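Below is one structure, written out as structure tokens; comments come after it.
Chains as they are written, first to last, in this note's numbering: chain A, 118 to 429; chain B, 118 to 429.
So, in structure tokens, the structure goes:
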């Protein structure tokens, strides 16, 4: 199985892009013509909401797949519509993969060992269905929250090795109160997020691919550039998944510290996520209205690619 | 809306029980006659797995609902079967509520503010479905992981107040490596789990019900009785949800520190979860085989109730 770090590295080089498109389809912002079509077929049901979400997502994916290496559906916006939402979460991943995109299921799962294993099987591996091994969500990577420590992460790591998949562990998140836990300072003056960085570096040390990255990445918010600099030094072998660019306030300058200059002089090692500013770009576009939300999204991705390339 | 702390307190008093039955339906352990029936109707599909899970759960709930205050379905074992699994997760909650059980959705969700709000709406509140407010999972409480700090918890807290619901935040979990993050020691000699305890006490301080409990509970593992003692002192106003009894090694003696003796001389303030040892009790029962898994579960609950009552 190809190492996930290599897969992601190569996808970034191929597309000459570090942009990850966040698929967080808020129903109130999905264009009216899509919602009307879904309601006319399914009335005011979860199924209608889910169908609207799926059509919207496919439009975004069609518009941007040749420009970016990865997409990241955030499962909260799908769970809102119960089993119908979960169905289109699964179908969104399937569709994105059919367009050769790397799919990061933003699920922030974690639990004690035997439960974490169930999650790892469902999102990255295969489950046992009456003796038959079957794929469920089959994402390329998932996000993970680390409060339970290593034994809640190990089953995901095993799935990474077995299936060429990846994980991104929360280290320093982009939200205002991320410091409540992450900035707590130890006796030796290190903070919790730094210690998480050291854990990740050691957990991934045995599985580094030919381009220098392990399958264990780190979530590091664009809104904390100083902390990102420190973390980049602690974790030279981890891809960073960087939320907080755009709507949350992070700029290209802020995310610069998340990258590494590799031996071929390529800036690599980070993918920068943007959700609202891309998928609902039509709201601010001068050129495109909501019917052309896909064109507006493509325009926003082109602008973001340009913005990030200029920063180096 | 009635305070969740009061609702849980009263349910424990009414049933004279502190047992929470964990509904973690591992397909390989579900009795053959249930699986064969599901397969005969739906072949080897996710639907068959989900139907087997639902029938199994209903059998357990029917057998124990008069003996315990609460059940806790662990969503990982449902997500394994994609949208069909999520459907029966929802239907399990619905069925348990119809039997007047308190339902704790063990989902360990958390995210930045706007995403946490989507989760809170889905699991505890209502979502906006084309202008109509609709319940989705409508559990009585959820478990939450705290790595992102207060702004990822606030939306859940708002749902608690608005809908009389509860949350249980991970503080000191039962697994062997819980110390990786939770035991990290600060400059002032407090550990991360103690600080989490202080956060929870302050976050719940404005919403304490007439029986002395806020809607914010804490997850404290039965496998760490000394830490539980400390945490009980830090959080006099929080219910503890205690995993780790039974299969994971915790005994009645170990969980004693999680309780409070209230003004009426009632031992309260904790619910002790057991999953495997109850729902798959038939595996170890001398009296009942797998066809009578429900009777074996009832027997195991009676034994656990007895075991806990004797400890005080």
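C-beta atoms are modelled at their ideal positions from N, C-alpha and C, and glycine is treated no differently.
Every value quoted in this text rests on a predicted model; they were computed, and no experiment measured them.
The residues 299, 300, 301, 302, in chain order, have a CB closer than 8 Å to that of residue 308 of chain B in the same chain once the five nearest residues on each side in sequence are set aside.
Assignment of beta-bridge partners to residue 359 of chain B by DSSP yields B:389. In the displayed model, residue 137 of chain A falls within a strand according to three-state DSSP. Secondary structure note for residue 229 of chain A: it is in no alpha helix (DSSP H), with a DSSP letter that is neither H nor E. Its Cα nearest to that of residue 362 of chain B, the residue B:291 stands out among B:245, B:291, B:326. Residue 355 of chain B is outside the set of residues whose beta carbon lies under 8 Å from a beta carbon in chain A.
Membership of residue 342 of chain B in the alpha helix (DSSP H) is indicated by the continuous run 342–351.
Nearest to residue 204 of chain A by C-alpha distance, out of A:254, A:364, A:138, is A:254.
A distance below 8 Å separates the beta carbons of residue 356 of chain A and residue 122 of chain A.
Under the DSSP definition of a beta bridge, residue 285 of chain A partners with A:260, A:334. Within the same chain, and ignoring the five residues on either side of residue 376 of chain A in sequence, the residues whose Cβ sits closer than 6 Å to its Cβ are 384, 386, 387. Leaving aside the five residues that flank residue 149 of chain B on each side, the residues in its chain whose CB is nearer than 7 Å to its CB run, in chain order, 407. Check the Cα spacing between residue 390 of chain B and each of B:353, B:144, B:185, B:126: the tightest is with B:185. Here the alpha carbons of residue 134 of chain A and residue 171 of chain B stand approximately 46 Å from one another. Taking a C-beta cut-off of 8 Å against chain A, the contacting residues of the segment 145–174 of chain B are 145, 152, 156, 161, 162, 163, 165, 166, listed in chain order. Of the other Cβ atoms in all chains shown, 16 or more fall within 10 Å of the Cβ of residue 129 of chain A; this residue is therefore buried. For residue 332 of chain A, no CB of chain B lies under 8 Å from its own CB, so it is not counted at the interface with that chain. Residue state for residue 272 of chain B is assigned as helix, using DSSP reduced to three classes.
Apart from the 5 residues on each side of it in sequence, residue 424 of chain B sits with its Cβ closer than 6 Å to the Cβ of 369 in its chain, given in chain order. By the 16-neighbour rule on beta-carbons within 10 angstroms, residue 153 of chain B is exposed. With 16 or more other Cβ atoms inside 10 Å of its own Cβ, residue 367 of chain B counts as buried. In terms of Cα proximity to residue 283 of chain B, the closest of B:371, B:350, B:213, B:220 is B:220. Approximately 13 Å separates the beta-carbon atoms of residue 259 of chain A and residue 207 of chain A; this is outside 8 Å, ruling out the contact. Residue nearest to residue 176 of chain A within the set A:397, A:403, A:419 is A:397 (criterion: CA-CA distance). By DSSP's assignment, residue 211 of chain A forms no beta bridge with any residue. Judged by DSSP in its simplified three-state form, residue 129 of chain B adopts helix.
Within the segment 136–204 of chain B, the runs of alpha helix (DSSP H) that reach at least 4 residues and sit entirely inside it are, in chain order, 149–159, 163–181, 193–196. Under the Cβ distance rule, residue 426 of chain A does not count among the residues neighbouring chain B, no pair being separated by less than 8 Å. Taking each of B:178, B:126, B:196, B:124 in turn and checking the Cα distance to residue 144 of chain B, the smallest one comes out for B:196. Closest by C-alpha distance to residue 358 of chain A, out of A:345, A:285, A:305, is A:285.
Under the three-state reduction of DSSP output, residue 302 of chain A falls in the strand class. For a Cβ distance threshold of 8 Å, nothing in chain B lies close to residue 314 of chain A: the least Cβ distance comes to about 12 Å.
When beta bridges are read from the DSSP output, residue 246 of chain A appears opposite A:249.
Under the DSSP assignment, residue 266 of chain A falls outside any alpha helix (DSSP H); it carries neither an H nor an E label.
At a cut-off of 8 Å between beta-carbon atoms, residue 291 of chain B makes contact with chain A.
Note that the C-beta distance between residue 337 of chain A and residue 288 of chain A is below 8 Å.
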